[in-house]
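For the sequence shown, position 207 matches number 207 in full-length UniProt numbering, and the numbering has no gaps at all.
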Amino acid sequence: MTDAAAPAAKTPTLPDAQTVTDVRHWTDRLFSFRCTRPASLRFRSGEFVMIGLMGDNRKPLLRAYSIASPSWDEELEFYSIKVQDGPLTSKLQHIQPGDQIILRPKPVGTLVHDALLPGKRIWFFATGTGFAPFASLLRDPQTYTDYDEVIITHTCREVGELQYGKELIDSIRQDELLAELIGEGFADKLRYYPTTTREESPKMGRITDLMRSGEVFKDLGVAPLNPETDRAMVCGNLAFNLEIKDMLEDYGLEEGANSKPAHYVVEKAFLD
Ligand SMILES: Cc1cc2nc3c(=O)[nH]c(=O)nc-3n(C[C@H](O)[C@H](O)[C@H](O)COP(=O)(O)OP(=O)(O)OC[C@H]3O[C@@H](n4cnc5c(N)ncnc54)[C@H](O)[C@@H]3O)c2cc1C
1 MTDAAAPAAK TPTLPDAQTV TDVRHWTDRL FSFRCTRPAS LRFRSGEFVM
51 IGLMGDNRKP LLRAYSIASP SWDEELEFYS IKVQDGPLTS KLQHIQPGDQ
101 IILRPKPVGT LVHDALLPGK RIWFFATGTG FAPFASLLRD PQTYTDYDEV
151 IITHTCREVG ELQYGKELID SIRQDELLAE LIGEGFADKL RYYPTTTREE
201 SPKMGRITDL MRSGEVFKDL GVAPLNPETD RAMVCGNLAF NLEIKDMLED
251 YGLEEGANSK PAHYVVEKAF LD
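Next comes the structure, spelled out in structure tokens:
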């Protein structure tokens, strides 16, 4: 038998395996990747799933990850931290196209449109990789049909950490498919407010401080949040989530859930 006729070596297939199709490294701490989508996976933009790799003990090593791609996308996208000694991300950061990852197709989460009452303006407040669920929601036509104005704030320590979000916003503004689905001019509804806390950039400061001082409202030319008109979704570290939650309550907004829609919803970007 010649080599050409020999059966191809069989790649061992992991349970719930998906194939990586693209990887981009944004900084030494951040990367994003795309992978195949299981035919059975239906999810609402903003939800998260468990993904991972096979651990050294031959048991799956799984972590929660927000799906960064919209629900209509044929593939899935994830935006990830690289934790130097992190059990998963110390390995995951080395994946390449063609590699397999494990993905449990059971999406859950609170950052979904169903958890909010109708409103005029939606605020997405993100820090760090907390941008991921909004990368999904910002590409969902429902976001623009449900609201007159969509404001995404993203706070990171350094300028390079904003790049994934910046490129995504630019691509949405030029997206012909979204324009066709929602109508020309949909991009005018989208406002992007990036800030940094350490490295110098055009807008510096924590978003909570900029809200307290009123600067963000002045910059955007909008009134402070009001339960009559404004809805909010929050995804960041625990301290940020707690701080902004208190502020939203002070503005009069009430926390919603899938089972009881209200004015705002919160999700952790990671467990401390
Ligand atoms: C609901 C939910 C959604 C999540 N979605 C994402 C996502 O979309 N992208 C993503 O990168 N991570 C996300 N995470 C965090 C993710 O589950 C893992 O913690 C992360 O991948 C690191 O895994 P690890 O095993 O390498 O380290 P772990 O042992 O899980 O974490 C080690 C430490 O690293 C820090 N850390 C973990 N994740 C982050 C992060 N994202 N940003 C900054 N510091 C972090 C924390 O201090 C943590 O204690 C999410 C977590 C939750 C609870």
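C-beta atoms are modelled at their ideal positions from N, C-alpha and C, and glycine is treated no differently.
Going by DSSP, name the residue or residues bridged to residue i.
i    : result
D230 : R121
L62  : G52
Q100 : T19
E77  : R34
A126 : H154 and C235
A257 : K260
V266 : V234
L116 : A262
R191 : I151
Using the Cβ count rule (16 or more neighbours within 10 Å means buried), how would you classify residue i?
i    : result
V108 : exposed
L225 : buried
M1   : Any reading at M1 must be qualified, since the residue scores a pLDDT of 38, below 50, and its modelled position is unreliable; the value itself is stated next. Classification of M1: exposed, given that the 10 Å Cβ count is below 16.
V266 : buried
G98  : exposed
T89  : buried
A39  : exposed
Q100 : buried
H263 : buried
G231 : Reading off the sequence, residue 231 comes out as Arg, not Gly. With 16 or more other Cβ atoms within 10 Å, it is buried.
G46  : buried
L271 : exposed
G252 : exposed
Can you give me the C-alpha to C-alpha distance between residue i and residue j, rounded to a whole angstrom?
i    : j    : result
I172 : L178 : 8 Å
R44  : V112 : 7 Å
Y192 : T208 : 16 Å
T143 : C235 : 17 Å
L242 : G165 : 23 Å
V150 : G221 : 13 Å
G130 : M50  : 16 Å
K10  : H154 : Caution applies to K10, whose pLDDT of 45 falls short of 50 and renders its modelled position unreliable; the value that the coordinates give is listed next. One C-alpha to the other measures close to 44 Å.
I152 : A64  : 22 Å
N258 : E75  : 25 Å
C156 : I169 : 16 Å
T196 : R29  : 16 Å
D148 : P118 : 11 Å
C35  : N237 : 26 Å
L162 : T110 : 24 Å
K120 : L248 : 16 Å
M204 : L210 : 9 Å
E228 : G256 : 15 Å
H180 : L62  : Checking the displayed sequence, the identity of residue 180 turns out to be Glu instead of His. Rounded to the nearest angstrom, the two C-alpha atoms are 38 Å apart.
T21  : R37  : 11 Å
A187 : D146 : 14 Å
P87  : L53  : 10 Å
K82  : F48  : 18 Å
S80  : K106 : 19 Å
Q84  : E184 : 44 Å
A239 : K189 : 30 Å
G214 : A223 : 9 Å
F31  : K218 : 33 Å
Answer yes if the region 90-101 comes into contact with the region 197-204, meaning at least three C-beta pairs across the two stretches below 8 Å, and no otherwise. Too few Cβ pairs lie closer than 8 Å, so no.
Three or more beta-carbon pairs under 8 Å between the region 130-149 and the region 68-81, yes or no? Yes, since at least three Cβ pairs between the region 130-149 and the region 68-81 fall closer than 8 Å, the two stretches touch.
With a cut-off of 8 Å, do at least 3 Cβ pairs link the region 113-129 to the region 53-61? Segments in contact, no.
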